[in-house]
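Step one of this worksheet: look at the structure below.
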Amino acid sequence: MSLRTRLTLWYSAILLIILLIFGATVEVAVRAAINGGVDYELQVRLQGLESFMQNQIPRYPRARLAHQFEEHSVLRPGGETMQIADREGNWIFQSDTIRSLHLPAADGTAPGRPVTLTVQGIPVRVRSAVVRVNGEPYYLQLATIMSASYLALDRFRRLLMALIPLMVIAAFAGGHCLSSRALAPVDKIIEDARSITFQSIARRLPVPPTNDELQRLAKTLNEMMQRLETAFGRITRFTADASHELRAPTAFIRTTAEVALLAPRSSDSYRSALVDILVEGERMTKLIDDMLTLARADAGSSELTLSEIDLSKPLREACRAASVLAERKNIHFREDLSQREVSALGDSDALRRLFLILLDNAVKYTPSEGKVEVGLAVSKTGSEVLIRDSGVGIAVEDLDHIFERFYRADKARQRDTGGVGLGLSIARWIADVHSAQILVESELNSGSTFRVRFPKPNSPPTP
Ligand code: ADP
2 MSLRTRLTLW
12 YSAILLIILL
22 IFGATVEVAV
32 RAAINGGVDY
42 ELQVRLQGLE
52 SFMQNQIPRY
62 PRARLAHQFE
72 EHSVLRPGGE
82 TMQIADREGN
92 WIFQSDTIRS
102 LHLPAADGTA
112 PGRPVTLTVQ
122 GIPVRVRSAV
132 VRVNGEPYYL
142 QLATIMSASY
152 LALDRFRRLL
162 MALIPLMVIA
172 AFAGGHCLSS
182 RALAPVDKII
192 EDARSITFQS
202 IARRLPVPPT
212 NDELQRLAKT
222 LNEMMQRLET
232 AFGRITRFTA
242 DASHELRAPT
252 AFIRTTAEVA
262 LLAPRSSDSY
272 RSALVDILVE
282 GERMTKLIDD
292 MLTLARADAG
302 SSELTLSEID
312 LSKPLREACR
322 AASVLAERKN
332 IHFREDLSQR
342 EVSALGDSDA
352 LRRLFLILLD
362 NAVKYTPSEG
372 KVEVGLAVSK
382 TGSEVLIRDS
392 GVGIAVEDLD
402 HIFERFYRAD
412 KARQRDTGGV
422 GLGLSIARWI
432 ADVHSAQILV
442 ESELNSGSTF
452 RVRFPKPNSP
462 PTP
């Protein structure tokens, strides 16, 4: 069932309940008003009759009283419906109309408030009273036939019963029409959103200038599409960069093998071709490994297990590997690590990889005779690993981008350094998992400093 039908049904059901309550209340109120008017009239008649009785009964013998009351009943309005009985229940007077109704005689047990009785199918409002004249009680009853008033009330009720369904049907039709109009912009948004595909992901929904829920809906959907476009762009760029990076080594391997096979060669020549192929193969393996790491990180499937570790351990291991590389390039490598344990919450293997990426970069981007320093400091808020080099440095405009995937500040140098621009992306992911921050300071041609700040174990992560 569509939202508009459900809304209209709810609305109509509520309206039906309201109309029924309204109808019932009006009927009760009108009935009370009619009865009230009649009761007042009965009261006035009663007072008139009472003073008449006080006046006439002492003056006339009982035999004449019927005649006197007859006169009174003819002259007074409403007099045709009255009856008076004595203490024993004998009728002193009964008007014609009331006699034909056969009203039960008042016996003095229920005087006071008027009541509505139905006698012979006719509604009658009856007021009973006991009047004492010279100490003698007389039971009298005054009545008003309510047929005409109640008939009007009945007609009114029937009219209401016929009108209520008609009103509800009219309200249903009107409500349906209104909700269709109100929800038409939602249909438009649905239609527009449906027409946006991955090919046209840059398109946005038109935002109505209505400053209401529909405007918020369109804006929210547009913001969501912006996020999707950004993520989609990243994936497309990553795939394009990855294919591009893989094409060069595959082409190199194929060409080297083809050239080697063109003509018979010496075993040294084959060997040299194979070594080239092996080196390129290793480079490819590393590239594929790095891509896999990032793909798993994106998918959230590469979970690291963080436990209390000694931070200096993975750092020392990374330094050992980096010092060999530095020695090969004739770079002065200095590590200043305290002997005591530095506790942190982390994954040793991942942290070793993070430090190695930074140290490898420091050695890679520092010319021979340069310096690479490693430090580890502990403060109240946590611990900090510092890796400083005296290398080529990073230009200010590149600093914001070096953590992006496949970003290389100096693209020309890529083949000699062997990097493809994924190292720092992996480093940042590992740091993020450890709630650590990587800070970079660098000056072109004078060197760079990378700091990795770890929060104290059990302290809240830094924003
Ligand atoms: P790569 O594999 O190219 O080293 P990274 O993601 O590790 O990729 O680094 C991205 C870029 O950041 C590098 O290409 C380089 O230009 C720059 N960079 C990283 N570390 C340093 C450093 N210590 N000195 C100078 N430039 C650096």
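According to the numbering used here, the sequence shown holds residues 2 to 464 in order. In this text, a Cβ means the ideal position worked out from N, Cα and C, and glycines have one as well.
Of the residues 439, 445, 458 and 443, the one whose Cα lies closest to the Cα of residue 452 is 439.
Annotation for residue 161: 24 place their beta carbon closer than 7 Å to its own, counting only its chain and skipping 5 residues before and after. The C-alpha of residue 120 is placed about 18 Å away from the C-alpha of residue 43.
In this structure, the CA atom of residue 114 is about 15 Å from the CA atom of residue 140. Between residue 36 and residue 158, the C-beta spacing is not below 8 Å. Annotation: the segment 285 to 343 contains the following complete segments of the beta strand (DSSP E) (minimum length 3 residues), in chain order: 308 to 311 and 333 to 337. Linking residue 75 to residue 31 through their CA atoms gives a straight-line distance of about 30 Å. Segment contact: the segment 352 to 364 against the segment 387 to 403, three or more CB-CB distances shorter than 8 Å; contact assigned. The C-beta of residue 435 has 16 or more other C-beta atoms within 10 Å across all chains shown, which makes the residue buried. Residue 350 is positioned such that its CB atom lies no closer than 8 Å to that of residue 376. In this model, residue 235 and residue 334 are separated by some 37 Å (Cα to Cα). Selection around ligand 1 by beta-carbon proximity, strictly under 5 Å to any non-hydrogen atom, yields 362, 363, 366, 392, 395, 403, 409, 410, 420, 422, 424, 425 and 449 in chain order. Around the Cβ of residue 146, a 10 Å sphere holds 16 or more other Cβ atoms; the residue is buried.
Around the C-beta of residue 430, 16 or more other C-beta atoms lie within 10 Å, and the residue is accordingly described as buried. Excluding five sequence positions before and after residue 443, the CB atoms of its chain that fall closer than 6 Å to its own CB belong to 394, 395 and 449, given in chain order.
When C-alpha distances from residue 201 are compared across 344, 273 and 230, the shortest belongs to 230. Secondary structure note for residue 125: its beta strand (DSSP E) is the uninterrupted segment 123 to 134. For the alpha helix (DSSP H) assignment, the segment 39 to 68 encloses no uninterrupted run of at least 4 residues.
Going by C-alpha positions, residue 340 is about 19 Å away from residue 346. Taking C-beta atoms as the reference points, residue 99 and residue 82 count as a pair closer than 8 Å. Residue 199 counts as exposed, since fewer than 16 other beta carbons sit within 10 angstroms of its beta carbon. Inter-residue distance for residue 318 and residue 220 is about 51 Å (C-alpha atoms, whole angstroms). Cβ-Cβ distances below 8 Å link residue 194 to 206 and 222 in the same chain, with the five nearest sequence neighbours on each side left out; the list follows chain order.
The shortest CA-to-CA distance from residue 46 to any of 242, 77, 131 and 136 is the one to 77. Taking residue 248 as reference, the option from 426, 285, 208 and 171 with the minimal CA-CA separation is 285. Residue 377 is bridged by DSSP to 386.
Counting the other Cβ atoms within 10 Å of the Cβ of residue 315 gives 16 or more, which makes it buried.
Of all alpha-carbon atoms in 33, 103, 379 and 212, the one lying nearest the alpha-carbon of residue 313 is that of 379. Nearest to residue 261 by alpha-carbon distance, out of 277, 291, 246 and 63, is 277. If the five residues before and after residue 424 are omitted, its C-beta is found closer than 8 Å to the C-beta atoms of 291, 358, 361 and 362, all from its own chain and listed in chain order. Under DSSP, residue 146 takes part in a beta bridge, and its partners are 125.
Pairing residue 11 with residue 172, the inter-Cα distance amounts to about 11 Å. For residue 449, the beta-bridge partners assigned by DSSP are 390 and 443.
Taking 8 Å as the cut-off, the beta carbon of residue 61 is found closer than this to the beta carbon of residue 69. DSSP places residue 83 within a strand segment (E or B) once states are collapsed to three.
At a Cβ-Cβ threshold of 8 Å, residue 274 and residue 251 do not count as neighbours.
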